[in-house]
Amino acid sequence: MSHHTPQPNGTPTLPGFIEERTEGVAGPPAMLLRVWCRWCVRWHTHGYTGTKVGDTTDRAPHCYAPDSEYETGYDIWVSGTPFAEVRKTMRSATAAQARAIREGRITEAVQNLRDQPGPFE
Ligand SMILES: [Zn+2]
Numbered sequence: 019m020s021h022h023t024p025q026p027n028g029t030p031t032l033p034g035f036i037e038e039r040t041e042g043v044a045g046p047p048a049m050l051l052r053v054w055c056r057w058c059v060r061w062h063t064h065g066y067t068g069t070k071v072g073d074t075t076d077r078a079p080h081c082y083a084p085d086s087e088y089e090t091g092y093d094i095w096v097s098g099t100p101f102a103e104v105r106k107t108m109r110s111a112t113a114a115q116a117r118a119i120r121e122g123r124i125t126e127a128v129q130n131l132r133d134q135p136g137p138f139e
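Following the numbering used here, the numbering of the sequence shown begins with 19 at its first residue and continues without gaps.
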């Protein structure tokens, strides 16, 4: 079964990318798991708790998009591609677009951002 196959309970599986964040972090890097959210049009941030590459872990995101279909949670398939390699491949919402999404106004530009393919694992 591919990791893209939806679970029988309908929980989506999304790729997650490991980020070792050093910026603004004293001591060892913060280990994060970053997941692209097409509803918020931004990268969600989760703590990375050591799930092996290729394995799956579940999380409950807090989307700011009122129409998000991820509010009940998702499974994250941990990619071996570092977050640093994929972060720039996706175009995030601007501050004004994020405000519109939060207010439930899905403009054509926002819809186009939501329809971006990827991220590629
Ligand atoms: Zn979201």
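All C-beta atoms in this analysis are idealised placements derived from N, C-alpha and C, irrespective of residue type, glycine included.
N- and C-terminal bounds of the beta strand (DSSP E) containing residue i
i    : result
I36  : 31-39
V96  : 92-96
R109 : From DSSP, R109 is part of no beta strand (DSSP E); its letter is neither H nor E.
Bounding residues of the alpha helix (DSSP H) (the contiguous stretch that carries residue i)
i    : result
A116 : 113-120
R132 : 126-132
A48  : A48 -> not in any alpha helix (DSSP H); beta strand (DSSP E) instead, spanning 48-55.
E103 : 101-104
Contact belief for residue i with residue j at Cβ below 8 angstroms, rounded distance in angstroms
i    : j    : result
L50  : R39  : 6 angstroms
W57  : D85  : 7 angstroms
G91  : R109 : Incorrect: roughly 25 angstroms between the Cβ atoms, too far for contact.
P79  : H62  : 5 angstroms
I94  : G34  : 4 angstroms
S97  : E139 : 5 angstroms
G136 : T107 : 6 angstroms
Y82  : R120 : 5 angstroms
TODO: With ligand 1 as the reference, list in chain order each residue whose Cβ lies under 6 angstroms from any of its heavy atoms.
DONE: Residue list for ligand 1: C55, W57, C58, H62, P79, C81, A83, S86, Y88 (CB closer than 6 angstroms to any heavy atom, chain order).
TODO: For the stretch 124-131 and the stretch 95-107, state whether three or more C-beta atom pairs, one from each stretch, are separated by less than 8 angstroms.
DONE: Between the stretch 124-131 and the stretch 95-107 there are fewer than three inter-stretch CB-CB distances shorter than 8 angstroms, so the stretches are not counted as touching.
Task: Inside the stretch 59-94 only - alpha helix (DSSP H) runs reaching at least 4 residues - done: Fully enclosed alpha helix (DSSP H) runs of 4 or longer: not present.
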